[in-house]
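See below for the structure under consideration.
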Amino acid sequence: MNPAQLADEVRAALTAAVADGALSVAVPDEITIDRPRSREHGDYATPVALQLAKQAGVPPRTIAQALAERLRAAPGVAAVEIAGPGFVNIRLETAAIGALARDVVIAGEKYGSASTLSGIAVNLEFVSANPTGPLHLGHARWAAVGDALGRVMRAQGAAVTNEYYFNDAGVQIDRFAMSLLAAARNQPVPEDGYGGAYIAEIAQRVVQDHPEAAGLPDDEALRTFRTEGVQLMFDEIKSTLHTFRTDFDVYFHEDSLHSSGAVTTAVNKLKDSGSLYEKDGAWWLRSTEYGDDKDRVVIKSDGNPAYIAGDLAYFLDKRSRGFSLCIYMLGADHHGYIARLKAAAAAFGDDPDTVEVLIGQMVNLVRGGEPVRMSKRAGTVVTLDDLVDALGVDAARYALIRYSVDTTLDLDIDVWTRQTNDNPVFYVQYAHARLASLERHAADLHIELGDDYDPALLDTAQEAELLALLAGYPQVVAAAAELREPHRVARYLEDLASGYHKFYDAVRILPMGDEPATDATVARLWLCRATRQVLANGLALLGVTAPERM
RNA sequence: GCGCUCGUAGCUCAGCUGGAUAGAGCAGGGGACUUCUAAUCCCCGGGUCGCAGGUUCGAAUCCUGCCGGGCGCACCA
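Residues are numbered in this note's numbering as their position in the first sequence, beginning at 1, plus a constant of 111.
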């Protein structure tokens with residue numbers, strides 16, 4: 112019995128009470144089932160009687176009474192009590208709780224998957240860093256969180272495309288090219304140019320492949336350094352992301368929007384539909400209608416498209432590819448874009464709610480409380496590669512995903528490289544490794560799960576807590592997907608690992624010495640298998656490994 | 001000035017689409033390994049949930065105002 116099944120029983124009991132005239136209420140679709148903090152309040156509790164009292168026009172305890180009478184007859188329910196103002200506290204039979212391990216083991220990798228998001232095609236755009244330098248910590252946060260969110264949403268049935276928007280048009284790239292050329296010619300960094308050791312490195316690699324390049328006239332030289340430099344930088348970014356276990360389905364080139372005429376097409380479409388207006392020689396988008404501070408220029412008075420023109424064309428392109436939901440993950444310094452992007456959707460006649468913009472706060476790396484600022488290669492910022500060098504991929508991903516993106520993050524290198532339980536990733540992985548070790552021992556002893564077990568034998572408090580934790584996993588994944596908050600999965604895994612460690616400490620699983628395996632041994636092994644499965648499933652959603660040994 | 005966001009234990013943070021006595025880890029103190037991984041577990045102390053109003057059976061959670069921190073407010077990209 113899991114909370115969802117219990118909610119069904121509660122709903123059925125209410126419906127029955129209405130049918131035989133005991134109550135007159137509209138039975139809600141969503142029934143709240145809580146896991147009370149104290150077991151004195153039962154295994155589960157529902158405040159539904161409190162919630163329905165007003166519309167029913169009767170005291171909550173009256174509703175609770177009618178509900179309790181019928182719920183007591185439900186299969187798996189051991190006791191139902193009314194408490195306080197009208198809470199209904201529910202105690203389940205031990206076997207009904209214990210049966211959950213079987214459900215988990217049978218579902219296997221699919222446990223926690225559902226279809227709450229099925230039928231929607233999601234374009235998930237994240238990182239999208241300019242290819243003018245290595246990825247830094249802010250990008251790292253989105254690489255980890257975005258990738259995890261994609262996994263979580265896929266687990267709920269969404270068709271997700273991970274997409275990287277590659278800004279390879281515009282003056283930033285020009286400055287990058289000028290910086291490379293200057294470095295190749297041993298000239299100082301140009302004004303507004305890029306510094307950092309990586310510029311010299313890339314410039315040198317361009318020179319290696321094209322020894323004549325630096326000596327060409329400026330125009331031609333810049334063209335070569337621009338094309339080759341961007342390619343090298345972009346390969347490096349892809350490689351960094353791949354190492355970080357974040358791969359994209361689509362790398363979209365902004366340049367292609369301009370060269371293909373997509374920008375012109377999009378702008379003309381908006382002019383035709385009256386979504387743009389002309390003022391002071393420029394064309395403006397009515398973004399104020401969607402919460403923007405001011406309307407935005409799409410075509411500048413010199414006739415050139417402004418940056419947002421590319422966004423408009425890009426959005427149109429996404430829609431033409433059939434996405435029903437476009438998610439953009441941006442840094443806090445870009446929160447001003449929310450209204451703009453929603454206005455873009457509206458301008459093309461789409462519901463602005465089909466555009467979601469997630470804003471992530473900044474990330475700082477600290478060591479012993481002191482900020483770590485300088486990077487070996489990038490000069491002023493810490494790179495994603497630096498982070499991986501310091502923590503490893505597992506800890507780096509986990510550390511970035513574990514916190515709500517709403518909070519500014521200070522990652523302490525000392526904490527995340529520690530191999531103790533103040534390092535959450537080790538704590539969770541250790542639980543998995545412990546379980547794997549246990550199963551190896553069971554195999555050595557020739558103890559097998561068999562076809563089934565007696566769920567009533569999982570009767571200790573620690574087993575009940577662990578089973579309740581396992582039962583809650585599907586709702587955690589569903590909530591993480593719906594709220595776009597993958598950190599919930601990480602927090603859950605820490606709770607689950609804790610529940611397992613407590614169980615392990617309190618209950619002997621395998622027989623000691625020459626003792627024979629009992630039915631209880633087998634039941635506990637089922638519980639262990641189920642726990643390992645959920646730990647593995649959850650870690651997979653985060654893109655973190657589930658080690659067999661540590 | 002306007003907008004977004006955060007403010008919960010000494011520290012780092014969960015909890016926020018309203019539910020019972022507000023949680024975890026760390027830090028501090030004290031315990032538990034002859035047999036399944038002690039990278040673990042148990043116990044102790046620790047709080048005006050920034051402040052003030054409001055909504056209601058019930059508010060850390062929702063609304064309003066204020067205080068404090070971060071980030072933004074281009075015919076740049």
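C-beta atoms are modelled at their ideal positions from N, C-alpha and C, and glycine is treated no differently.
Keep in mind the model is a prediction, meaning the values are calculated, not measured.
Along the beta strand (DSSP E) that carries residue i, what are the first and last residues, could you check?
i	result
Ile470	Val466 to Gly471
Phe277	Ala270 to Phe277
Ile410	Arg407 to Ile410
Glu481	Glu481 to Val483
Thr157	Tyr155 to Thr157
Phe363	Val361 to His364
Can you name, in chain order, every residue of its own chain whose Cβ lies under 7 Å from the Cβ of residue i, other than the five neighbours on each side?
i	result
Ile310	Ser290, Leu291 and Ala294
Pro171	Ala160, Leu161, Ala164, Pro196 and Gly197
Ala259	Ile512, Pro597, Leu652, Leu653 and Gly654
His552	Leu621
Asp403	Ala450, Arg451 and Ala454
Arg296	Ala325
Ser435	Ile231, Ala232 and Thr465
Ser350	none
Starting from the Cα of residue i, find the closest Cα among the options and give me that residue.
i	options	result
Val263	Ala657, Ala651 and Arg660	Ala651
Glu120	Asp320, Leu134 and Ile144	Ile144
Thr357	Met661, Glu141 and Ala507	Ala507
Val493	Leu522, Thr376, Glu467 and His353	Leu522
Ala225	Arg316, Ser431 and Arg265	Arg265
Asp563	Asp214, Gly187, Gly153 and Ile142	Asp214
Ala105	Leu228, Glu151, Arg397 and Gly168	Absent from the model: residue 105. The displayed extent of the chain is 112 to 661, so no value can be given.
Arg619	Asp606, Ala240 and Cys639	Cys639
Tyr362	Phe277, Pro139, Ile348 and Gln116	Phe277
Met661	Gly610, Val536, Leu117 and Asp497	Val536
Asp625	Phe459, Gln342, Leu556 and Ala130	Leu556
Gly261	Val282, Ile284 and Leu235	Leu235
Phe336	Tyr439, Gly372 and Thr243	Thr243
Ser149	Ser398, Val238, Ile558 and Ile201	Ile201
Provide the residue(s) that pair with residue i in DSSP beta bridges, ordered along the chain.
i	result
Ala190	Arg202
Gly442	Gly471
Asp521	Asn475
Lys390	Ala393
Thr494	His247
Leu235	Asn273 and Ile438
Skipping 5 residues on each side, what residues in its chain have a beta carbon closer than 8 Å to that of residue i?
i	result
Ala417	Arg407, Val408, Val409, Ile410 and Lys411
Gly219	Gln644
What whole-angstrom Cβ distance do residue i and residue j have, given they're in contact under 8 Å?
i	j	result
Asp279	Glu339	About 13 Å separates the two Cβ atoms, so there is no contact after all.
Gly209	Ala567	6 Å
Ala582	Asn113	4 Å
Pro585	Gly223	5 Å
Ala579	Asp154	7 Å
Phe89	Tyr275	Absent from the structure is residue 89, since the part of the chain shown begins at 112 and ends at 661.
Arg545	Tyr603	Between Tyr603 and Arg545 the Cβ distance is about 18 Å, and since that is not below 8 Å, they are no contact.
Hey, could you find the ends of the alpha helix (DSSP H) residue i is sitting in?
i	result
Arg146	Premise fails: Arg146 is in no alpha helix (DSSP H) and is neither H nor E.
Val633	Asp630 to Leu653
Leu662	Residue 662 lies beyond the stretch modelled for the chain, which goes from 112 to 661, so this question has no answer here.
Phe287	Val282 to Ala295
Glu312	Ala308 to Asp320
Thr126	Pro114 to Ala130
Tyr425	Tyr418 to Ser431
Phe336	Asp329 to Thr354
Ala547	Pro535 to Asp555
Asn379	Ala373 to Ser384
Ala603	Just to set this straight, residue 603 is Tyr in the shown sequence, not Ala. Taken as a continuous stretch (DSSP letters only), the alpha helix (DSSP H) holding Tyr603 covers His598 to Ala617.
Ile620	Counting along the chain, Ile620 falls outside any alpha helix (DSSP H), and DSSP gives it neither H nor E.
Leu511	Val504 to Ile512
Arg213	Leu211 to Ala218
Arg183	Neither: Arg183 is in no alpha helix (DSSP H) and is coded neither H nor E.
Ile449	Tyr448 to Ala458
Ala592	Ala572 to Glu593
Between residue i and the rest of its own chain, which residues show a CB-CB distance below 6 Å, the 5 nearest in sequence each way excluded?
i	result
Ala177	Ala128, Ala133 and Leu134
Phe426	Ala455
Ala308	Arg488
Tyr388	Trp395
Asn475	Pro482 and Asp521
Ala501	Ile524
Ala424	Leu368, Ala373, Val374 and Ala377
Glu662	In the structure as shown, the chain starts at 112 and stops at 661, and residue 662 therefore has no counterpart that could be examined.
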